[in-house]
Amino acid sequence: MQDETSNFLEFAKSVAKESAKILIETRPNSKIAVQKDNCDYALDADLKSEQNILKRINEKYPQHSILTEESGFHDKNSQYLWVIDPLEGTLNYKNGLALWAVNIALFKENEPILGVIYAPDMDEMYTAERGKGSKLNGKKISVSGEEHIEKSFYAGSVKHLQELNLPSKILRALGCCGIELAYVACGKFGARIRTRGKDPYGYGAGSILVLEAGGKITDTKGQKWTLESEGVIASNSLLHEGILKLL
Numbered sequence: 202m203q204d205e206t207s208n209f210l211e212f213a214k215s216v217a218k219e220s221a222k223i224l225i226e227t228r229p230n231s232k233i234a235v236q237k238d239n240c241d242y243a244l245d246a247d248l249k250s251e252q253n254i255l256k257r258i259n260e261k262y263p264q265h266s267i268l269t270e271e272s273g274f275h276d277k278n279s280q281y282l283w284v285i286d287p288l289e290g291t292l293n294y295k296n297g298l299a300l301w302a303v304n305i306a307l308f309k310e311n312e313p314i315l316g317v318i319y320a321p322d323m324d325e326m327y328t329a330e331r332g333k334g335s336k337l338n339g340k341k342i343s344v345s346g347e348e349h350i351e352k353s354f355y356a357g358s359v360k361h362l363q364e365l366n367l368p369s370k371i372l373r374a375l376g377c378c379g380i381e382l383a384y385v386a387c388g389k390f391g392a393r394i395r396t397r398g399k400d401p402y403g404y405g406a407g408s409i410l411v412l413e414a415g416g417k418i419t420d421t422k423g424q425k426w427t428l429e430s431e432g433v434i435a436s437n438s439l440l441h442e443g444i445l446k447l448l
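Numbering follows this note's numbering, in which position 161 of the sequence shown is assigned residue number 362; successive positions increment by one, without gaps.
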């Protein structure tokens, strides 16, 4: 299993780099392809990146199911499920900020076995493999050891962070869930919080990054997190119970 998972991971890293190259080349002339609401849209770049990832997975692992942000669920009735966000942080990407990433995760029987979050503008490749820890550019990372609520940073969307009774100076909204989760995994943030709603694409790869770095992830009631969970907390584990009490 471990060798097979390592092969999957190398494949995912390669595909993430390919899609990042497409995104970098497309960026200067990228256009809105799908308007989701006033402040949310998919660019033609999102679609090109997704098309590349779908093509590569279907060529290499045609029997695997795939869940992607833009085109939804491609069901192959498989024990394996790839969970993809082909361009997370679209608004950041469109406006010339570095906080965007390609997120690729693989689940087996509903459990994450690997995750890749690649942020090319920052030259940061976050990876995790079940039982082998989390890494940043090949070097092991771990969550922080902070256990005091007001001595850590907390990430999430502004509308979710506003619901917490925490000082604004320790709240961070980067506009890219995957990078925020990566920052929990490497000890920069104490937690990433979503008070309600699902986000399998943002949390797919980030969930195993946090877990393999020594952290904890649950829904907002403290129950096991799944791709279907409504609300999610990913933390360094020491802060987890305190955060649950804030909700």
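Ideal Cβ placement from N, Cα and C applies to all residues, glycine included.
Take residue i as the anchor and find which of the options has the nearest alpha-carbon.
i, options, result
"H361", "V344, K341, R393 and G339", "R393"
"V235", "A246, I225, E226 and T227", "A246"
"L372", "G379, A383 and V359", "V359"
"N338", "T328, G346 and K417", "T328"
"K370", "S353, Y319 and I444", "S353"
"T206", "G332, N304, T269 and V385", "G332"
"E271", "R257, Y402 and S215", "Y402"
"F212", "T269, R257 and A243", "R257"
"N304", "L445, G407, V411 and N208", "G407"
"D241", "L292, K214, N208 and A374", "L292"
"K218", "N311, G415 and M323", "M323"
Out of curiosity, what's the CA-to-CA distance linking residue i and residue j?
i, j, result
"P321", "H349", "33 Å"
"S231", "E325", "23 Å"
"D400", "G290", "13 Å"
"N253", "D286", "12 Å"
"P263", "L448", "42 Å"
"G398", "A299", "26 Å"
"I314", "T427", "13 Å"
"I233", "G376", "18 Å"
"E429", "E226", "34 Å"
"L440", "E347", "7 Å"
"P229", "K295", "9 Å"
"Y319", "Y384", "13 Å"
"L367", "I434", "15 Å"
"L248", "A306", "18 Å"
"T419", "K425", "5 Å"
"T269", "G405", "10 Å"
"E260", "N311", "23 Å"
"S345", "N208", "29 Å"
"L382", "G443", "18 Å"
"E351", "K237", "36 Å"
Could you pull out every residue in the same chain whose Cβ sits closer than 8 Å to the Cβ of residue i, ignoring the five residues on either side in sequence?
i, result
"S266", "F274, H275, D276, K277, N278, S279, Y281, L282 and W283"
"K214", "V317, Y319, M326 and T328"
Can you give me the Cβ contacts of residue i inside the same chain, cut-off strictly under 6 Å, excluding the 5 residues immediately before and after it?
i, result
"F308", "L282"
"S250", "S220, I223, L224, P287 and L288"
"E413", "A329, G334 and S335"
"K389", "none"
So residue i and residue j are supposed to be a Cβ contact under 8 Å. How far apart are they, rounded?
i, j, result
"K422", "S438", "Contact flag wrong, Cβ pair sits at about 17 Å."
"D302", "I409", "Per the sequence shown, the amino acid found at residue 302 is Ala instead of Asp. The pair is not a contact, with the Cβ atoms about 15 Å apart (cut-off 8 Å)."
"G391", "S436", "6 Å"
Excluding the five sequence neighbours on either side, which residues of its own chain have a C-beta within less than 7 Å of the C-beta of residue i, listed in chain order?
i, result
"T396", "H361, E364, T421, G432 and L448"
I'd like to know if residue i contacts chain D, where contact means its C-beta is closer than 8 Å to some C-beta of that chain.
i, result
"L440", "No chain D appears in this structure, which consists of one protein chain only."
Any chance you could list the beta strand (DSSP E) runs of at least 3 consecutive residues sitting entirely within the segment 379 to 420, in chain order?
-> Counting only runs of 3 or more, we get 392 to 395 and 417 to 419.
Run through the segment 327 to 376 for me and flag every whole beta strand (DSSP E) of 3 or more residues, listed as ranges in chain order.
-> DSSP runs (the beta strand (DSSP E)) wholly in the segment 327 to 376: 334 to 337 and 340 to 342.
Enumerate, from N- to C-terminal direction, the unbroken alpha helix (DSSP H) stretches of 4 or more residues contained entirely within the segment 267 to 333.
-> Given a length threshold of 4 residues, each whole run of the alpha helix (DSSP H) inside the segment 267 to 333 is given here in chain order: 291 to 295.
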